[in-house]
Structure formats: C-alpha cells, structure tokens
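Notes to accompany the following structure.
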Amino acid sequence: MDKYYSYTDFLKALGRTDNTNNAEKLLDTIYLDLFLNHVHRAQTEEYLLACIDSALDERNEVAFYQYAKELEKLQTSAG
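Position 46 of the sequence shown, counting from 1, maps to 46 under UniProt numbering, and the rest follow consecutively.
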C-alpha cells in the first residue's frame with residue numbers, strides 16, 4: 001500500500017459529530033487503494049508469467065531469469 005492510513009485519523013474521523021461521513025469516506029479511500037493495488041499486482045504477475053512462458057518458448061535463459069527474479073520480488077513484497 002503506497003499510502004499510510006493512520007488508525008488515529010480513522011478514529012478522529014469517526015468521532016467527529018459535524019460530519020459523520022468522514023469515517024465512511026476514509027474507509028472508502030482505504031478500500032479503493034487496497035483494491036487498486038491488488039488489481040495492479042495481479043496484472044503485473046500475469047504479465048510476468050506470460051513473459052516467462054515466452055522466454056521458455058524462445059529458450060532465452062537470460063530473459064527467463066530476469067522475469068523470474070522480478071516475479072519473485074513481486075511475490076515476496078506481497079507478504
């Protein structure tokens with residue numbers, strides 16, 4: 001997640017009586033960010049797998065290791 005969302009900020013938004021939608025807006029922003037990051041990661045993984053398949057078909061060892069390393073880095077950063 002590129003953005004940092006504070007639990008304290010969420011509680012502040014939740015506790016405000018002037019505008020009860022602040023907490024909902026913050027949650028919407030957080031969920032939207034999580035969803036977009038998930039979609040981007042899935043598309044990147046799909047692209048790298050296709051590149052790995054292509055490198056294997058072409059017997060391109062250098063490209064295979066490059067894409068495999070990128071895929072491994074992507075998967076380890078996911079946690």
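Every residue gets a Cβ at the ideal spot worked out from N, C-alpha and C, and that includes glycine.
Any idea if residue i is buried or exposed, counting beta-carbon neighbours within 10 angstroms, 16 or more meaning buried?
i   : result
Y31 : exposed
Y67 : buried
Roughly how far, in whole angstroms, is the beta-carbon of residue i from the beta-carbon of residue j, given that I think they are within contact range, below 8 angstroms?
i   : j   : result
L48 : L71 : 4 angstroms
Give me the Cα-Cα distance between residue i and residue j, rounded to the nearest whole angstrom.
i   : j   : result
D53 : S6  : 41 angstroms
Q75 : A50 : 16 angstroms
V62 : E45 : 19 angstroms
K69 : K12 : 42 angstroms
T29 : A78 : 20 angstroms
A55 : N22 : 49 angstroms
L36 : K73 : 19 angstroms
T8  : V39 : 27 angstroms
A42 : K25 : 26 angstroms
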